[in-house]
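Trainee: Have a look at this one.
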Amino acid sequence: MIIVIIGAQWGDEGKGKVVDLLADRFDIVSRYQGGHNAGHSVYVGDRAFVLRLLPSGIIHPDKTCVLGNGMVIDPKAFFEEVDQIAQQGIDVTPERLKVSSRAHLIMPYHRALDHTSEERLGNEKIGTTLRGIGPAYEDKAGRRGIRVADALSPDILKLRVERNLEEANRIIALFGNQPLRADEILEEITPLIERLRPFVAETSHFLSEAKKAGKKILLEGAQATLLDVDHGTYPYVTSSNPTAGGASVGAGIPPHHITGVLGIVRTYATRVGEGPFPTEMLDEEESMANLIRERGNEYGSVTRRPRRCGWFDAVATRYAAELNGFDSIALTKLDVLDALEEIKVCIGYEIAGERVDTFPAVSYDLSQIKPVYETLAGWQSNTVGVTQFDKLPELAQKYVRFLSDQIGVEIGLISTGPERDQTVILKDSVMEGWFSE
Ligand code: IMP
Numbered sequence: 001m002i003i004v005i006i007g008a009q010w011g012d013e014g015k016g017k018v019v020d021l022l023a024d025r026f027d028i029v030s031r032y033q034g035g036h037n038a039g040h041s042v043y044v045g046d047r048a049f050v051l052r053l054l055p056s057g058i059i060h061p062d063k064t065c066v067l068g069n070g071m072v073i074d075p076k077a078f079f080e081e082v083d084q085i086a087q088q089g090i091d092v093t094p095e096r097l098k099v100s101s102r103a104h105l106i107m108p109y110h111r112a113l114d115h116t117s118e119e120r121l122g123n124e125k126i127g128t129t130l131r132g133i134g135p136a137y138e139d140k141a142g143r144r145g146i147r148v149a150d151a152l153s154p155d156i157l158k159l160r161v162e163r164n165l166e167e168a169n170r171i172i173a174l175f176g177n178q179p180l181r182a183d184e185i186l187e188e189i190t191p192l193i194e195r196l197r198p199f200v201a202e203t204s205h206f207l208s209e210a211k212k213a214g215k216k217i218l219l220e221g222a223q224a225t226l227l228d229v230d231h232g233t234y235p236y237v238t239s240s241n242p243t244a245g246g247a248s249v250g251a252g253i254p255p256h257h258i259t260g261v262l263g264i265v266r267t268y269a270t271r272v273g274e275g276p277f278p279t280e281m282l283d284e285e286e287s288m289a290n291l292i293r294e295r296g297n298e299y300g301s302v303t304r305r306p307r308r309c310g311w312f313d314a315v316a317t318r319y320a321a322e323l324n325g326f327d328s329i330a331l332t333k334l335d336v337l338d339a340l341e342e343i344k345v346c347i348g349y350e351i352a353g354e355r356v357d358t359f360p361a362v363s364y365d366l367s368q369i370k371p372v373y374e375t376l377a378g379w380q381s382n383t384v385g386v387t388q389f390d391k392l393p394e395l396a397q398k399y400v401r402f403l404s405d406q407i408g409v410e411i412g413l414i415s416t417g418p419e420r421d422q423t424v425i426l427k428d429s430v431m432e433g434w435f436s437e
């Protein structure tokens, strides 16, 4: 069994908790795109883990984790995270963490270029995480990137760093920033690469053999559908493909080996960084945004940036369901809406009075959207920790059914709090099947 987990909105849907829950039933958890721009919070008892680069499965000592070829890996961030969770009592050895030889490395000049590029864009900036993700993928597509396997050979590493830095420094200097030195980069990176060496593996082959041996594999998407470089709100996107197709390429497994796709959907929407957000709570709704932000702790788990908050957008989520082929949906953060008297759901889009039936390709068009809302009554009672659907207030059940009908996909799991056991698994759902297989 191979299941892909993907955020359906602009990220931060609560994937960490769901992956962590499902990881119990799986043998291997692999990431397939992105890097340490992600930030997953996982709560186990009174321990909180913040994971950026490592799959959420890493906190289960009996699971093997994989960083797939589609990822971009900053070796410094990698070991900071490994050391951080080691301090929290989780041992990360090469036996249980495999890094693809074909993944690309994020180098210090990528971080510098990310800063430079954002400065250059000024008001048009993307609002990136400034971790060097975009520039590393640019080098990959430009066929000058440094892959993990290349870096294992000191001569190749030196050659590529010197060559790439020459070009990077020209851009960095053009915008008045401090050029970097190749010898300093090599001095910093070489010991990290040596430390990385035992973790490096042929991960596609590893996953293929694991599948043959009947192991269950979870493919963990980072970021989310609407941040996908092809299908998201371009150019306000990340530089990789979080959508289901990206899982096959980025983990190096045949598409038909994927048995199911799970979408993670939050009961409302958020976005960090710039870019269009049709249902954003602005102006007179600002106090509602503040309420949601506080109740849902909507601040970046790594950067602490306050997230922009908005109403649930069924048009965007239908688009995500269509692109990814969700078999089931995990609906997170139901309890955050407990206090609300009324809950709005965007069920359609209009531009200049005309109904728009498909998700616009142009960000400018999306920024002109007038959402068509349906307002539902809030349940105004406590749902924290509820574990059975029929124990939820009737209006909360109605809200969940309404969202499912709007998206056209079953909701198989509802999260009613950050802890593992604060979860409803819906009877006879596809999701229940994945849990019991
Ligand atoms: P980058 O991935 O750092 O290049 O940032 C590109 C866009 O994706 C920015 O709007 C970021 O805020 C957003 N982004 C990147 N990673 C995440 C994430 O894990 N959650 C939410 N937004 C993200």
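Just so we're aligned, residue 1 is where the sequence shown starts under our numbering, counting upward by one.
C-beta: ideal position from N, C-alpha, C; glycine also.
Quantities reported herein were computed from a predicted structural model and do not represent experimental measurements.
(1) Let me confirm a value: Tyr349 is counted as buried when at least 16 other C-beta atoms fall within 10 Å, else exposed. Which label applies?
(2) Tell me whether Arg131 counts as near the ligand IMP, meaning its Cβ is closer than 8 Å to at least one heavy atom of that ligand.
(3) Considering just the uninterrupted stretch of the beta strand (DSSP E) at Ala269, what are its terminal residues?
(4) Excluding five sequence neighbours on each side, which residues of the same chain lie with their C-beta closer than 7 Å to the C-beta of Ile156?
(5) Is the segment 415-425 touching the segment 328-336 in the sense that three or more CB pairs, one from each, lie closer than 8 Å?
(6) My output table needs one value for Val384: the three-state DSSP class, helix, strand or coil.
(7) Return yes when at least one heavy atom of the ligand NAD lies under 8 Å from the C-beta of Ala244, else no.
(8) Could you name the residues of the same chain whose beta carbon sits closer than 8 Å to that of Ala48, not counting the 5 residues immediately before and after it, in chain order?
(9) With a floor of 4 residues, list each alpha helix (DSSP H) that falls wholly inside the segment 186-260, ordered by position along the chain.
(10) Rounded to whole angstroms, what's the CA-CA distance from Asp322 to Gly176? Just pull it up for me.
(11) Taking C-beta to C-beta, are Tyr32 and Gly214 nearer than 9 Å?
(12) Taking Val356 as the reference, give the member of Ala316, Ser381, Asp74 with the closest Cα.
(13) Mind checking Ala86: buried by the 16 CB within 10 Å criterion, or exposed?
(14) Who does Pro371 pair with in a DSSP beta bridge?
(15) Should the segment 19-27 be regarded as contacting the segment 50-66, the criterion being three or more beta carbon pairs within less than 8 Å?
(16) Please go through the same chain and pick out, in chain order, the residues whose beta-carbon is closer than 6 Å to the beta-carbon of Pro75, but skip the five residues on each side of it.
(17) Where does Val439 sit, in a helix, a strand or coil, going by DSSP?
(18) As a quick exercise: from Gly385, Thr387, Thr375, pick the residue whose alpha carbon is nearest that of Lys398.
(19) Should Val261 be counted as a contact of the ligand IMP given a C-beta to heavy atom distance under 8 Å?
(20) If the criterion is Cβ atoms closer than 9 Å, does the pair Gly252 and Arg102 meet it?
(21) How is Thr332 classed by DSSP in three states: helix, strand or coil?
(22) What is the C-beta distance between Tyr109 and Ser240, in whole angstroms, given that I count them as a contact (C-beta under 8 Å)?
(23) Examine the Cβ distances between the segment 301-311 and the segment 377-386 and report whether three or more of them are shorter than 8 Å.
(24) Apart from the five residues on each side of it in sequence, which residues of its chain come closer than 8 Å, Cβ to Cβ, to Gln368?
(25) Put Glu184 into one of helix, strand or coil per three-state DSSP.
(26) Starting from Leu376, follow its DSSP beta bridges and name the residues at the other end.
(27) Verify the contact flag: Trp311, CB atom, against every heavy atom of the ligand IMP, threshold strictly below 8 Å.
(28) Alpha carbon to alpha carbon, how far is Leu174 from Thr190?
(29) Please name the residue, chosen from Ala289, Pro306, Tyr234, that lies closest to Val362 on a Cα-to-Cα basis.
(30) Cβ-heavy atom distance between Asp290 and the ligand IMP below 8 Å?
(31) Tell me which residue opens and which closes the beta strand (DSSP E) that Val92 is part of.
(32) Helix, strand or coil: how does DSSP classify Asp283 here?
(33) Which first and last residues belong to the beta strand (DSSP E) in which Thr423 is found?
(34) Return the Cβ separation of Val4 and Ile264 in integer angstroms, given the expectation that the two are a contact with Cβ distance under 8 Å.
(35) Shorter than 8 Å, the distance from the beta carbon of Gln33 to the closest heavy atom of the ligand IMP, or not?
(36) Does the Cβ of Thr64 have 16 or more other Cβ atoms within 10 Å, making it buried, or fewer, making it exposed?
Mentor: Reading from the atomic positions:
(1) Its Cβ being crowded by 16 or more others within 10 Å, Tyr349 is buried.
(2) True, at least one ligand heavy atom lies under 8 Å from that Cβ.
(3) For Ala269, the enclosing beta strand (DSSP E) stretches over residues 269-271.
(4) For Ile156, where only same-chain residues beyond five positions count, the Cβ hits under 7 Å are Asp150.
(5) By the Cβ rule, the segment 328-336 counts as touching the segment 415-425, because three or more pairs are nearer than 8 Å.
(6) The three-state secondary structure of Val384, taken from DSSP, is coil.
(7) Ligands in the displayed structure: the ligand IMP; the ligand NAD is not one of them.
(8) Excluding positions up to five away in sequence, the list reads Ser41, Val42.
(9) For the alpha helix (DSSP H) assignment, the uninterrupted runs of no fewer than 4 residues enclosed by the segment 186-260 are, from N- to C-terminal side, 203-212, 244-251.
(10) Residue 322 is actually Glu in this sequence, not Asp. If I take the Cα positions, the gap works out to 45 Å.
(11) The answer is no: Cβ separation not under 9 Å.
(12) That would be Ala316, whose Cα lies nearest to the Cα of Val356.
(13) Residue burial is scored here from C-beta neighbours: Ala86 has fewer than 16 other C-beta atoms within 10 angstroms and is therefore classed as exposed.
(14) Assignment of beta-bridge partners to Pro371 by DSSP yields Tyr349.
(15) Output reads yes: the segment 50-66 touches the segment 19-27.
(16) Closer than 6 Å at the Cβ level, and outside the excluded window around Pro75, lie Leu192, Leu196.
(17) No answer is possible for residue 439: the residues shown for the chain start at 1 and end at 437.
(18) Nearest of Gly385, Thr387, Thr375 to Lys398, Cα basis: Thr375.
(19) Val261 Cβ: outside cutoff for every heavy atom of the ligand IMP.
(20) Yes, the pair counts as a contact, with Cβ atoms nearer than the cut-off.
(21) Correct three-state label for Thr332: strand.
(22) Actually they do not touch by this definition, with Cβ atoms about 19 Å apart.
(23) In the pairwise beta carbon analysis, the segment 301-311 is classified as not touching the segment 377-386: fewer than three pairs are separated by under 8 Å.
(24) Setting aside the 5 residues that flank it on each side, Gln368 is surrounded in the same chain by Ile351, Ala352, each with a C-beta closer than 8 Å to its C-beta; the list follows chain order.
(25) Here Glu184 sits in helix by DSSP.
(26) Partner(s): Ile343.
(27) No, the beta carbon of Trp311 sits no closer than 8 Å to any heavy atom of the ligand IMP.
(28) Going from the Cα of Leu174 to the Cα of Thr190 covers about 28 Å.
(29) The candidate whose alpha carbon is nearest that of Val362 is Tyr234.
(30) According to the sequence displayed, residue 290 carries Asn and not Asp. Placement of the Cβ of Asn290 at a distance of 8 Å or more from every heavy atom of the ligand IMP is found.
(31) Taken as a continuous stretch (DSSP letters only), Val92 belongs to no beta strand (DSSP E), as it is neither H nor E.
(32) Asp283 falls in the helix class under three-state DSSP.
(33) For Thr423, the enclosing beta strand (DSSP E) begins and ends at 423-425.
(34) Not a contact, Cβ separation roughly 11 Å.
(35) No, the ligand IMP has no heavy atom inside 8 Å of this Cβ.
(36) Around the beta carbon of Thr64, 16 or more other beta carbons sit within 10 angstroms, so the residue counts as buried.
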